[in-house]
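See structure below.
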Amino acid sequence: MIVLQCAQLSKSFGTDTILNQVKLEVKSNERIALVGRNGAGKSTLLKIIAGELTHDEGTLMIPKEVNVGYLAQDSGLSSGRSIWDEMMTVFEALRNMEQKLRSLEEQMSDPSHPRYEKVLEEYDQLQQDFRDRGGFQYEADIRSILSGLNFKGFDYNTTVDALSGGQKTRLALGKLLLSKPELLILDEPTNHLDIDTMTWLENYLSAYNGSLLIVSHDRYFLDRIVNTVYELTFQNTYRYNGNYSYYLDAKAERLEQELKEFEKQQSEIKKLEDFVARNLARASTSNRAKSRRKKLEKMDRLDKPVNEDGSAKFQFQIERQTGNDVLMVEDLAIGYDNEPLLQHAGFTLNRGESVALIGPNGIGKTTLLKAIAGQLSPMAGKIRYGSNVSIGYYDQEQTGLNPKKTVLHELWDDYPQTPEKEIRTVLGNFLFSGDDVLKSVMDLSGGEKSRLSLAKLMMEKSNVLILDEPTNHLDLDSKEVLENALIDYPGTLLFVSHDRYFINRMATRVIELSSTSLTSYLGDYDYYQEKKEEEEAYRLIAEEKAEAQNASTPASEAKDQTPSSGTKTDFKQQKEAQKFERQRQRRIEELEAAIEEKERKVQAIEDELCKPEVFQDHEQSAELNSQLEQLHASLESSMEEWETLQEE
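Residue numbering for the sequence shown follows full-length UniProt numbering, starting at 1 and increasing by one per position.
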């Protein structure tokens, strides 16, 4: 079933065309990502679909029975109700049904009621409808959503208006998820979410019973959620049947193929034009030349493919290298107003490392970076720097920018000895060209301010970069450029980011912050996740063993120190250990059978992909590759569990 169809949709604001001939189709249970450069019209298209804006041309079709839910970017609730009461408004119809059921129950208590039989029938039907619509679990659903969106520790009697902007946005997302529309439209839903909450949202949306249309700059999120990508450009709309990583590869292939076709046509045009020029005036070849000219006139000429407007181009360099020991943090305490956020923190940073700091919102990641960058004094402890260390600090709030200056003077005033032409060249590399450099800083968008801050950071040539959420406000293409520049950076990196794709590409080590400790993991984000899952698995196994041992040792026996009592206890513990060992062996056998089956399926799919008719069928090969990717992930997970059990 098609839940949404856009055909030749166009939208202009004054003389500016925002959307041009857009084609988009969403089917039942499809998970679609809408990608494109900042300014390509993604949010505008979502607002048109949600009914908040009208379109100028084309058609928009949504079946009457399809309920559309829309979360705008950074939208939040405004209400005098409590958190709980605001969530309960989603279930007004169910609550009315519940009241009706209570009323019918009162009537049923009197068998002499003149409509007793009809009341029974009505009650049975209403109770079934109530159950089918989730009437017996909606309060549990509310608690589950609030817990997943990091409201678990909140007093649910807190009024919505008393919350912060980010909390209001999360609450608006929670209310929308509770309404369970057939088409769920989300514009940057991961804004204001920490990594744990994003993981919860991914799991929730993966199991969502409906269609999803998502705009997000979080590539890790898109890879896990979507199975289709629509790229919105200023000229066309392209559909790719796969996740975000597949889209990147397929787009590169498409551009390469289009360039080959363009060059082939240009070669043919040149040959035809040369033939016409040489033979049109000669009587013997004039007719053939005129035929070639007509062919040229009728030819549908291809435009040279371009990769959308160009990208920022920059690289970070250093003036001199540090010693091997870059940074030593010892027994550090940080916070505000004598209220420590983090205590007894300690870690070291060595030359060439790229270290990610992660942890829940509010744990003190930004505060720690400020202290290391010299922007904030520690409450206790020491921060020692190695030889030749020069620090460049990127502030996610861009507080270092002067809103009263122009873009040109924001950079030039820091480097007055540099010729204006060089300053303009640097700004041009960050996509500030022509009159853009005369814009006031206060009028810049979030993405433009980010690029200007990065331009200033590049000019410093520091050998240690401390970055606080550097990918915020950047579009997907700009993120790729930043990552490539940082990968080639010859200095040392310490950064905070919620962008797991960015962490995976950049981090050589991950440090997890908690209220009581800092834990270091040597690897990228995926490795960190694997180790956390292993730790959780070992913890659960240890708890099960402890519970089994406690259950097999009654209190009376524990107190009895006679030899016979000790022998009984040892016997029970031995029996429990044998039981655990049998369970372990059974699980190993199950895993070995599952691994063998998965390997067989992998081989079958790989054999299928080698067939020419399948290889040349773009959609079928994409579907098989998607299945293959899922099987490999499942197989790797089973192998890891098998290895863990074998080691035990």
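The beta-carbon is built from N, C-alpha and C at its ideal position, and this holds for glycine as well.
Query	Result
Closest by C-alpha distance to Thr516, when choosing among Glu202, Asn96, Leu332, Leu184	Leu332
Inter-residue Cα distance where the pair is Ile49 and Leu71	12 angstroms
Assigned exposure category for His498 - 16 Cβ within 10 Å defines buried	buried
Pro612 in three-state terms, based on DSSP	helix
Own chain residues within Cβ distance below 8 angstroms of Glu122, not counting five before or after	Leu104
CA-to-CA distance, Val441 to Leu631, given in whole angstroms	50 angstroms
Backbone secondary structure at Arg115 - three-state DSSP	coil
First through last residue of the alpha helix (DSSP H) which encompasses Asn350	From DSSP, Asn350 is part of no alpha helix (DSSP H) but of the beta strand (DSSP E) over 339 to 350.
Nearest neighbour of Ser354, chosen from Ser520, Gly346, Pro416, Gln646 [CA to CA]	Ser520
Beta-carbon proximity of Arg351 to Thr322, cut-off 7 angstroms	yes
Euclidean distance between Cα positions of Leu55 and Asp194	The amino acid occupying residue 55 in the given sequence is His; Leu does not appear at that position. Taking the straight line from one Cα to the other gives about 36 angstroms.
Cα-Cα separation between Leu452 and Leu45, rounded to whole angstroms	28 angstroms
CA nearest to the CA of Asp488, picked from Ala250, Asn463, Glu623	Asn463
Buried versus exposed call for Phe13 [16 or more other C-beta atoms within 10 Å across all chains shown]	exposed
Tyr204 in three-state terms, based on DSSP	helix
Contact under 7 angstroms by Cβ, Asp477 with Gln396	no
Same chain, Cβ closer than 7 angstroms to Tyr385, neighbours up to 5 away in sequence not counted	Leu327
Residues near Lys531 by beta carbon distance below 6 angstroms, same chain, minus five either side	Tyr521
Top-ranked residue by Cα proximity to Met459, from Leu427, Leu474, Glu448, Glu273	Leu427
The segment 132 to 142 contacting the segment 80 to 94, beta-carbon criterion three pairs below 8 angstroms	yes
Buried versus exposed call for Gly51 [16 or more other C-beta atoms within 10 Å across all chains shown]	exposed
Thr169 vs Gly76 beta-carbon contact at 7 angstroms	yes
Chain-order list of residues whose beta-carbon lies under 7 angstroms from that of Ser43 (same chain, five-residue window excluded)	Gln73, Asp187, Val215
Ala277, buried or exposed, once every other Cβ within 10 Å from all chains shown has been counted against 16	exposed
Assigned secondary structure, Gln5 (DSSP; H/G/I helix, E/B strand, else coil)	strand
Residue nearest to Glu98 in terms of C-alpha spacing, selected from Ile83, Gly134, Glu629	Gly134
Whole-angstrom distance between Pro490 and residue 650, CA atom to CA atom	Outside the displayed range of the chain (1 to 648) lies residue 650, so it cannot be described from this structure.
Spatial neighbours of Gln561 in its chain, beta-carbon cut-off 7 angstroms, leaving aside the 5 residues before and after	Only weak support exists for where Gln561 lies, its pLDDT of 46 falling under 50; the coordinates are left without a value.
Backbone secondary structure at Leu149 - three-state DSSP	coil
Three-state secondary structure assigned by DSSP to Asn20	strand
Per-residue burial, Thr59 [other beta carbons within 10 Å of its own, 16 or more giving buried]	exposed
Counted within 10 angstroms of its Cβ, other Cβ atoms place Phe430 as buried (16 or more) or exposed	buried
The segment 434 to 448 touching the segment 396 to 410, judged by at least three CB pairs closer than 8 angstroms	yes
Whole runs of the beta strand (DSSP E) within the segment 318 to 397, excluding any shorter than 3 residues	325 to 336, 339 to 350, 354 to 358, 380 to 385, 391 to 394
Contact belief for Gly148 with Leu183 at Cβ below 8 angstroms, rounded distance in angstroms	That pair is no contact at about 21 angstroms.
Where the beta strand (DSSP E) through Glu57 begins and ends	57 to 61
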